[in-house]
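Structure, as structure tokens:
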Amino acid sequence: MREKATTIYLGPQHPGITGNMMVRLKVMGDTIVSAQTEVGYLHRAFEKLQERRNWLNSFTLMCRFCVPETDPMENLYARAVESLDNIEVPERAKYIRVMVLELARIATQLMWYAGQNGSLGLYTMGQWSIGDRDYILDLFEQLTGGRVYHMYQWPGGVRRDLPKGFKDKVLNTLDYLEKRLKDYDDLMFANSIFQKRTQGVGYVPKESIIEHGVVGPVLRGAGIRSDIRIDEPYEVYDKLDFEIPTQEGSDIWARALVRRAEVRQSIRIIRQVLDQMPKGEFNTKIPNPMKWRVRAGDTYVRAESGRGEVGYYAVSDGSIHPRRMHLRGAAYVHAITLLENILPGQNVADVSAIMNSLGTCAPEIER
Amino acid sequence: MKEIKDTMIAKIKAAFPEAVNKAYDGNRLDFTVHKDAIPGFLSHMKEQLGFRHLSHIAYVDWIEENEFEIVYILWSPEEKVKLFIHTRIDRENPVMENIDMIWRQANTYQREMKEMLGIEFPDMVAPDEFILEDWDDIPPFRRDFDTLEYVNRTFWHRPGREDAQDVRETITKRSGEEIPDFAKKYSR
């Protein structure tokens, strides 16, 4: 008897991604025949709301585009405004920003450890890594006052200088995390269940990479050495010594190995930053925010988030409100056309793991 | 970088004499192109000049000029140059060429522009709805869409919130019911 295709609605709540998003799957048995992404559960119209806000009010919305990774968005907004208005940022502020961005990258990857394992039913890893992520959130709380949303890297520099003793606290946390990575390897990468569920699964063909605008760990997991921090350095990344890890497999396993190596590189970067950070000002005074008219023009700035390239196209018409701020997120391309392209032929049980490995963050798509 | 950019500008001007270049510092190249020439221009940039990565497609509503602007931002991984390609379309009859055969990911950007600005892409194949559901107002990213007016018209205020007073106290005054002890500490 000929088997009929069945439609399954995966989501909008499911393990493996942040936020709510549905994938409509047509399956034959447990093999996917076609997939279609459905978004629309989280639209908050942040970009529209900016039409009514001034340049500093808008800043508080920026970090909220993607909950697990708020700092690259803040950094982009600050750099976009600085680029439009020709604001010089003190050297110390640039170093502090890189420290924050790399701490955020580690926190993001620790959250990814949890999501990637959780989507495969391996929950112990998540409890460990989310617990360890809290040590980084403790640092953020001391530095910025907020654990998840920081509103710290604002136009002109950063909102406040490092508290007394902060450097030692960061170094101690890094030492602890570095030791913990060995435990993570034993629990996750040496686990035969994790290996079998990820090797050869979620394969992204190399010929799809340009078509779908693939970025970040997904791109580097396909063997391509590309990273905005190297390709178009911002802040002080051009003064730091670090490597861009790559893998050849282009599957979940390869992307996992890339992320694993990136945590080590971030630790390496933060140690250098703390070592090289100059003394001096941490902020350039900006005009009265209520009356601040940013010079008319447009710009596009990019940053490398833990999930890949994020960018802002910013337009000012010379008024006190942004004319347009338009976000480009990694999930915007990965979680729609790329996901729909690679799911056919995969097992339905692997969908959540594939989505997580692509860095899917639904709120970033809808903005 | 200046030499690389000058060479690229010369090549682009040779292939598309009508494209208008604007000078910028750094690694930014900037051209304005007529909307009908966009698919050919983008395809040439991708295949001939190494701008393989479509980094972003942005859109702006210039209501004062009765036009929408679409900005394609490309990246050349070899030359490390960022190319901005601007084009304008009529706001009254917003129709634009589809480019998802050049980069498949453009399909998502175009679905967003169709929904948020009402721009039609005649050759594009995509589901009708993207982010919005059962939307029957004007496309919400047009500047003449008034968010506050829409919210006041569409949603109702929860009792007690009209005057920004404490909800529990307002309800207590209306109903005569006491606030439970455990909730009192949250009241102002």
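Those protein sequence lines, which keep their order, are chains A and B.
For the first sequence, the residue numbers in the working numbering are 1 to 367.
For the second sequence, the residue numbers in the working numbering are 1001 to 1188.
Just so you know, even glycine gets a beta-carbon here, dropped at the ideal spot from N, CA and C.
Neighbour-count burial assignment, residue i, 16 or more Cβ in a 10 Å radius
i	result
Thr-1108(B)	buried
Met-1101(B)	exposed
Ile-342(A)	buried
Lys-1046(B)	buried
Met-28(A)	exposed
Gln-247(A)	buried
Gln-13(A)	exposed
His-326(A)	buried
Leu-49(A)	exposed
Gln-1105(B)	buried
Val-143(A)	Per the sequence presented here, residue 143(A) reads as Leu, with Val not at that position. Result: buried.
Val-315(A)	buried
Gly-165(A)	exposed
Asp-1134(B)	exposed
Ser-368(A)	Summary: the structure shown does not reach residue 368(A), with chain A confined to residues 1 through 367, and so no result is reported for it.
Gln-1110(B)	buried
Lys-1051(B)	Note that residue 1051(B) is Phe in the sequence shown, not Lys. Per the 10 Å Cβ criterion, buried.
Glu-1178(B)	exposed
Tyr-237(A)	buried
Asn-86(A)	exposed
Tyr-176(A)	exposed
Trp-1156(B)	exposed
Ile-1063(B)	exposed
Thr-1154(B)	exposed
Pro-1017(B)	exposed
Leu-270(A)	Note on identity: in this sequence residue 270(A) is Ile, with Leu being the wrong assignment. Buried is the call here.
Glu-88(A)	exposed
Gln-346(A)	buried
Lys-942(B)	Since the displayed chain B opens at 1001 and closes at 1188, residue 942(B) lies outside it and no answer follows.
Ile-1138(B)	exposed
Counterpart residues of residue i in DSSP-defined beta bridges
i	result
Val-1081(B)	Ser-1076(B)
Asn-1021(B)	Phe-1031(B)
Leu-1054(B)	Leu-1074(B)
His-212(A)	None, per the DSSP bridge assignment.
Phe-1068(B)	Asp-1061(B) and Ile-1089(B)
Val-1095(B)	Glu-1120(B)
Gly-157(A)	Asn-283(A)
Nearest-angstrom Cβ-Cβ length linking residue i and residue j, presumed shorter than 8 Å
i	j	result
Asp-227(A)	Ile-244(A)	5 Å
Ser-129(A)	Leu-103(A)	Contact flag wrong, Cβ pair sits at about 15 Å.
Gly-280(A)	Arg-92(A)	5 Å
Ala-222(A)	Lys-206(A)	6 Å
Ile-286(A)	Pro-90(A)	About 13 Å; that fails the 8 Å criterion.
Glu-380(A)	Val-39(A)	Nothing in the structure corresponds to residue 380(A), since chain A is present only between 1 and 367.
Ala-408(A)	Leu-120(A)	There is simply no residue 408(A) to check, as chain A begins at 1 and stops at 367 in what is shown.
Lys-1082(B)	Tyr-113(A)	In fact, because the Cβ distance is near 33 Å, the residues do not count as touching under 8 Å.
Val-67(A)	Thr-18(A)	6 Å
Ser-357(A)	Arg-255(A)	5 Å
Leu-171(A)	Ile-267(A)	About 10 Å; that fails the 8 Å criterion.
Met-1008(B)	Leu-1029(B)	6 Å
Tyr-95(A)	Gln-265(A)	In fact, because the Cβ distance is near 17 Å, the residues do not count as touching under 8 Å.
Residue-level contact to chain C via CB, residue i, 8 Å cutoff
i	result
Leu-1074(B)	Among the protein chains in the structure shown, which are A and B, there is no chain C.
Residue i CB to nearest heavy atom of the ligand GDP below 7 Å
i	result
Arg-295(A)	Judged by which ligands are present, the structure shown has none, so any question about the ligand GDP falls away.
Q) Hey, which unbroken runs of the alpha helix (DSSP H) at 4 residues or more fall wholly within the stretch 274-347 of chain A? A) Counting whole runs of 4 or more residues, the stretch 274-347 of chain A contains the alpha helix (DSSP H) stretches 330-333 and 339-342.
Q: Kindly provide the ranges of any alpha helix (DSSP H) runs that are 4 or more residues long and lie completely inside the stretch 1119-1167 of chain B, ordered along the chain.
A: Entirely contained in the stretch 1119-1167 of chain B, the alpha helix (DSSP H) runs reaching 4 residues are, in chain order, 1147-1154.
Q: Jot down the residue ranges of each uninterrupted beta strand (DSSP E) in the stretch 4-79 of chain A, minimum 3 residues, whole runs only, in chain order.
A: Listed in chain order, they are 6-10, 22-28 and 31-38.
Q) Which residues, taken in chain order from the stretch 28-51 of chain A, show a beta carbon closer than 8 Å to some beta carbon of chain B? A) Going along the stretch 28-51 of chain A in chain order, one finds Gln-36, Val-39, Gly-40, His-43, Ala-45, Glu-47, Lys-48, Leu-49 and Glu-51 with a Cβ nearer than 8 Å to chain B.
Q. Which residues, in order along the stretch 320-338 of chain A, keep a beta-carbon less than 8 Å from a beta-carbon of chain B?
A. Flagged, chain order: Arg-323, Arg-324, His-326, Arg-328, Tyr-332, Val-333, Ile-336, Thr-337 and Leu-338.
Q: Check each residue of the stretch 196-218 of chain A: if its Cβ is closer than 7 Å to any Cβ of chain B, include it; give the result in chain order.
A: Within the stretch 196-218 of chain A, Ile-210, Glu-211, His-212 and Gly-213 place their CB atoms closer than 7 Å to a CB of chain B, listed in sequence order.
Q | Selection of the stretch 1087-1112 of chain B by Cβ proximity to chain A, strictly under 7 Å | A | Cβ contacts with chain A: Trp-1103, Arg-1104, Gln-1105, Asn-1107 and Thr-1108.
Q.
At 4 residues or longer, what runs of the alpha helix (DSSP H) sit wholly inside the stretch 67-138 of chain A?
A. Those alpha helix (DSSP H) runs which fall completely within the stretch 67-138 of chain A and span 4+ residues are 71-85 and 91-118.
**Q.** Complete alpha helix (DSSP H) runs within the stretch 173-218 of chain A (minimum length 4 residues, chain order)
**A.** List check, alpha helix (DSSP H) in window: 192-198 and 208-211.
Q. Going along the stretch 1113-1142 of chain B in order, which residues come within less than 9 Å of chain A, judged by CB to CB distance?
A. Against chain A - using a Cβ distance shorter than 9 Å - the residues of the stretch 1113-1142 of chain B are Met-1116, Pro-1127, Glu-1129, Phe-1130, Ile-1131, Leu-1132, Glu-1133, Pro-1140 and Phe-1141.
Q. For the stretch 295-307 of chain A, which residues have a beta carbon sitting closer than 8 Å to at least one beta carbon of chain B?
A. Residues passing the 8 Å Cβ filter: Asp-298, Tyr-300 and Arg-302.
Q) Going along the chain, which residues of the stretch 230-262 of chain A sit with their C-beta nearer than 9 Å to a C-beta in chain B? A) Of all residues in the stretch 230-262 of chain A, Asp-231 and Glu-232 have a Cβ within less than 9 Å of some Cβ in chain B.
Q: Note down, in chain order, all residues in the stretch 1037-1051 of chain B with a beta-carbon under 9 Å from any beta-carbon belonging to chain A.
A: Within the stretch 1037-1051 of chain B, the qualifying residues are Lys-1046.
(Q) If the cut-off is 7 Å on Cβ atoms, which residues from the stretch 121-153 of chain A count as contacting chain B, listed in chain order? (A) Residues are counted here when their Cβ sits less than 7 Å from a Cβ of chain B; for the stretch 121-153 of chain A the count is zero.
Q | Members of the stretch 307-318 of chain A that neighbour chain B once the beta carbon cut-off is set at 8 Å | A | For the stretch 307-318 of chain A, which is checked against every Cβ of chain B, the residues closer than 8 Å are Glu-309, Gly-311, Tyr-313 and Val-315.
**Q.** beta strand (DSSP E) runs wholly inside the stretch 230-256 of chain A, at least 3 long, in chain order
**A.** Segments of the beta strand (DSSP E) lying fully in the stretch 230-256 of chain A: there are none.
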